Structures are given as C-alpha cells and as structure tokens.
Amino acid sequence: KILQILGGARQLLEEGEQPLTNELKRINQQLQGIIDIVPAIKPLQERIASAWAELKDVADELSAEEAKVSLDPEVMEQQQQRMDAGYKLMKKHAVNTTAELLLLQARLEEELKLTLDVNSAIERLGKEEEILYKELLAEGEKLSAGRRRAIPAFAKRMNELLVLVGMPNARFDVGMEHAVPAISGTDSIQFLIDANKSGQLLPLQKAASGGEMSRIMLCIKSLTAKALHLPTLIFDEVDTGISGEAARQVAVLLRALSEYHQVICITHQPQVAAKGYRHFYVYKQADKTGKLATHVRTLEQSERVLAIAQMIGGERPSEAAMINARELVEI
C-alpha cells in the first residue's frame, strides 16, 4: 500500500498522458513567449516556473522514497505485526491515534518509575529494619543477662520476706523464658509460688489466694519500691490469716513502702492500722428509712487509739487494750 501511494503520487507528477510537471513546463514556456507583449504577466510566469521546479523536486524525492521501501516478505511481515500490535494496544487502551498511544506510554513509564522508586524505598527500609532488629536483639540479650544475674538474689530475698509476713511454707522463684521481642525485652517473666510445700511451682494467679497474693505483692513492691513509678498502691486482705509478729512485719513493710508511694491499706490488724500516718474509719449506718449506707471518716488521735483498742479487745476494750493501742500508735 505504501508503494502504491508513493508510486501513484510520482506518476501524477511525472508520468501518464498529462503529468503535472510537463503541463506546468508547457504553461511556463507559453507565458515566456508573450512577456514582451504583456510585461505584467512576468511575476506570474516566475511563480509558475518556481512551482514547476518545486514539483520536479517533489517527484524526485518521492522516487527516492519509493526506492527505499523494501519488498522483503520477512520485513513486510514484521512491519505488519508491529502495526497489528499497535492497533491492539489502541483498542485495549481506548485511544484513537498513535499520538494518544504514545502519550499513554509516557504516562505509564512515569508511573513505573515511581513504582520502582517505592520498591527501592521498601528495600532500603527493609535493610534498616534488619540492622535495628539486630541491635534490638543485642540490647535484649544485655537485659536478659542482667535478669539472670538478679533473679537468684531477688528470689532469696523474697523467700526471706515471705517467712516474715506469715508464709513460712511458701517457696518463691522467677521463671524466665525466651519470647518475641517487645518493649519489655526478649523474655517472658513469671513469678512462681509454691504456697504449701506441694513441690510444684505455679504462676501466682493460679497458686495464691487473695490474702497470699496481697502479701506476696507487698514483698515484691517493698523490694522494688525505688524503681516503681506508681503514685498510689492499694492493699486489701494483706493481713488475712496472720497475727502477732507476722502482722507486725507486714506493717513494717507497708510503712517502708509509704516512703516512696502513697499506700492505702484496708486492714483488721491493730499492728497494721497503727503504722499508718492517717486512719480512716469505714462503717455502715442506717439512714432514716432504715437503708444501710457505707461511710468513711478520718479519726482524730484519741478516736484512733480507741479504734485500735477495739481491734484488740472488742467493742468495749479493757484498760489493757487501751494501753496497748496507745503504745502501738506512739511507736
């Protein structure tokens, strides 16, 4: 088809019964013959001559282009395949011209470049992650090593304190296992207790009663008081099932803990109540309708002595109980 178009154009210009170049040449010669008679047509004759020369050059160039077109079947097949591929792409991307297809190609190449840039960023961040993960593991191992060194002494001191707070048969230990790295390190830490010489250490939440749990936590917090960043610590049932020296030791630990934190303790033990800086009395009282309501009020010094004496000797404490209460408060 290309050869047909090129050849047809060249033939109109140079071949056939009346080629355009020959016709223009003839017109030019005729006009030259009457210039002397009609001088005004000289510019027209010159324009005709120029047009003839221009068309002659066009015909020569068309002939040259026609000669360049190969009729090699293999080359023609390749060109046809390229054209077919181009038409398919135009149909696929809903464009009507080659120019639109080229614009689309440029846009897709830009998007590909951006995608490759993102992939490069992902690769870079992946390498940074590997470096940071190695640093994390190294720091985690330092922390783990420190924990392994500290556990024996911590467990030993805990077992000593448990004897003082009325748990002489208890055995405390710390379990440490490797875990997925987290903000607390690369270890899983569990406090283990055997409260009654069963021979089996279990996690605190499975083996300790409410009162035992309170005393165990009291011992733990007394050893870690300086490192804890808690404004207030609340203990309930911390003195359940104990009395005498064990209750006194609980009171001593609570008092020491109060040097670093505000400690609130609900207690029925006079030794513990006497160690507090302030004494709040919690009681129930019926209102005018007979409905019970819980009340809390701060006790003055004399009221405090009486309340502690009542803990010692009942609702109507003896003089000995009052003296004992006064001594406890003043110690």
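Numbering (my numbering), first residue to last: 75 to 405.
All residues carry an ideal CB built from backbone N, CA and C; glycine is no exception.
Model, not experiment: these values are computed from the prediction.
### Query
By the 10 Å Cβ neighbour count, where 16 or more other Cβ atoms means buried, how is residue 295 classified, buried or exposed?
Position 221 of the sequence shown, counted from the first residue, corresponds to residue 295. That one is buried.
### Message
Extract the residue ranges of the beta strand (DSSP E) inside the stretch 233 to 267, only unbroken runs of 3 or more that lie entirely within it.
### Response
The stretch 233 to 267 contains, as complete beta strand (DSSP E) runs of 3+ residues, the segments 245 to 256 (chain order).
### Query
Applying the criterion that 16 or more other CB atoms from any shown protein chain within 10 Å of the CB defines a buried residue, is residue 102 buried or exposed?
Sequence index remark: in the sequence shown, residue 102 carries index 28 (1-based). By the 10 Å Cβ count, residue 102 comes out buried.
### Message
Taking its Cβ as the centre, do 16 or more other Cβ atoms sit within 10 Å of residue 327, making it buried, or is it exposed?
### Response
Counting from one through the sequence shown, the residue named residue 327 turns up at place 253. Label assigned to residue 327: buried.
### Query
Residues bridged to residue 134 by DSSP?
For the purposes of this step, residue 134 is identified with residue 60 of the sequence shown, where counting begins at 1. DSSP lists no partner for residue 134.
### Query
What are the start and end residues of the alpha helix (DSSP H) that includes residue 95?
Your numbering for residue 95 matches position 21 in the sequence shown. Where residue 95 is concerned, the enclosing alpha helix (DSSP H) stretches over 94 to 107.
### Query
By Cβ distance below 8 Å, which residues in the same chain neighbour residue 115 in space, the five residues on each side in sequence not counted?
Here residue 115 refers to the residue found at position 41 when the sequence shown is read from its first residue. These residues qualify, in order along the chain: 105, 108 and 109.
### Query
Just to confirm, are residue 337 and residue 297 a CB contact at a threshold of 9 Å?
By one-based count along the sequence shown, residue 337 stands at place 263. By one-based count along the sequence shown, residue 297 stands at place 223. Cβ distance not < 9 Å, so residue 337 and residue 297 don't count as in contact.
#### Entry: C-beta atoms of residue 244 and residue 316 nearer than 9 Å
Looking up residue 244 in the sequence shown gives position 170. Looking up residue 316 in the sequence shown gives position 242. Between residue 244 and residue 316, the CB-CB gap reaches or exceeds 9 Å.
#### Entry: Helix, strand or coil at residue 158 [DSSP, three-state]
Residue 158 sits at position 84 when you count from the first residue of the sequence shown. Helix at residue 158.
### Message
Excluding the 5 residues flanking residue 130 on each side, which residues of the same chain have their C-beta closer than 6 Å to its C-beta?
### Response
Here residue 130 refers to the residue found at position 56 of the sequence shown. Cβ neighbours of residue 130 beyond the five flanking positions: 95.
### Query
Nearest CA to the CA of residue 83: which residue from 332, 138, 231 and 372?
Reading the sequence shown from its first residue, position 9 is the one you call residue 83. Restricting attention to 332, 138, 231 and 372, the CA atom closest to the CA of residue 83 is found in 138.
#### Entry: Helix, strand or coil at residue 300 according to DSSP, with G and I counted as helix
Mapped onto the sequence shown, residue 300 falls at position 226. Reduced to three states, the DSSP call for residue 300 is coil.
### Query
According to the Cβ coordinates, are residue 403 and residue 375 closer than 9 Å?
As a position in the sequence shown, residue 403 is number 329, starting the count at 1. As a position in the sequence shown, residue 375 is number 301, starting the count at 1. The answer is yes: Cβ separation under 9 Å.
### Task
Assess, as a yes-or-no matter, whether the stretch 199 to 213 is touched by the stretch 269 to 289 under the definition of 3 or more beta carbon pairs within less than 8 Å.
Under the three-pair Cβ rule at 8 Å, the stretch 269 to 289 does not count as touching the stretch 199 to 213.
### Query
Rounded to whole angstroms, how far is the Cβ of residue 266 from the Cβ of residue 249, which I believe are closer than 8 Å?
By one-based count along the sequence shown, residue 266 stands at place 192. By one-based count along the sequence shown, residue 249 stands at place 175. Their Cβ separation, rounded to whole angstroms, is 5 Å, which keeps residue 266 and residue 249 in contact under 8 Å.
### Query
From residue 346 to residue 322, what distance separates their C-alpha atoms?
Looking up residue 346 in the sequence shown gives position 272. Looking up residue 322 in the sequence shown gives position 248. About 7 Å.
### Task
Give the secondary structure of residue 390 by DSSP, where H, G and I count as helix, E and B as strand, and everything else as coil.
Along the sequence shown, one-based indexing puts residue 390 at 316. Residue 390 falls in the coil class under three-state DSSP.
### Query
How is the beta strand (DSSP E) around residue 326 delimited, first residue to last?
Taking the first residue of the sequence shown as 1, we reach residue 326 at position 252. In this chain, residue 326 is not harboured by any beta strand (DSSP E); it is covered by the alpha helix (DSSP H) spanning 318 to 331.
### Inter-stretch contact (C-beta, 8 Å, three-pair minimum) for the stretch 249 to 260 and the stretch 229 to 241
Segments in contact, no.
### Continuous alpha helix (DSSP H) stretch holding residue 278: start and end
To locate residue 278, count along the sequence shown from 1; it is residue 204. Taken as a continuous stretch (DSSP letters only), the alpha helix (DSSP H) holding residue 278 covers 278 to 281.
### Query
Hey, quick one: how far does the beta strand (DSSP E) through residue 343 stretch, first residue to last?
Counting from one through the sequence shown, the residue named residue 343 turns up at place 269. Secondary structure note for residue 343: it is in no beta strand (DSSP E), with a DSSP letter that is neither H nor E.
### Test item: CB-CB of residue 382 and residue 399 under 9 Å
As a first step, residue 382 is located in the sequence shown; it is residue number 308 there, counting from the start. As a first step, residue 399 is located in the sequence shown; it is residue number 325 there, counting from the start. Yes, the Cβ-Cβ distance between residue 382 and residue 399 is below 9 Å.
### Message
Within 10 Å of its beta-carbon, does residue 356 have 16 or more other beta-carbons around it, so buried, or fewer, so exposed?
### Response
What you label residue 356 is simply residue 282 of the sequence shown in a count that begins at 1. Classification for residue 356: exposed.
### Query
Can you name, in chain order, every residue of its own chain whose Cβ lies under 8 Å from the Cβ of residue 86, other than the five neighbours on each side?
To locate residue 86, count along the sequence shown from 1; it is residue 12. Within the same chain, residue 86 has close Cβ partners 93 and 94.
### Task
Starting from the C-beta of residue 172, find all residues in its chain whose C-beta is less than 7 Å away, skip the five residues before and the five after it, and write them out in chain order.
What you label residue 172 is simply residue 98 of the sequence shown in a count that begins at 1. Non-local C-beta neighbours of residue 172 in its own chain, meaning closer than 7 Å and more than five positions away in sequence, comprise 160, ordered along the chain.
### Query
For residue 191, which of helix, strand or coil comes out of DSSP?
Looking up residue 191 in the sequence shown gives position 117. Residue state, collapsed to three classes: helix.
### Message
Tell me the residue span of the beta strand (DSSP E) that contains residue 357.
### Response
Locating residue 357 in the sequence shown gives position 283, counting from the first residue. 354 to 360 is the span of the beta strand (DSSP E), which, as asked, contains residue 357.
#### Entry: Check: residue 368 C-beta below 8 Å from any heavy atom of the ligand PLP
Of ligands this structure carries none, so the ligand PLP is not represented either.
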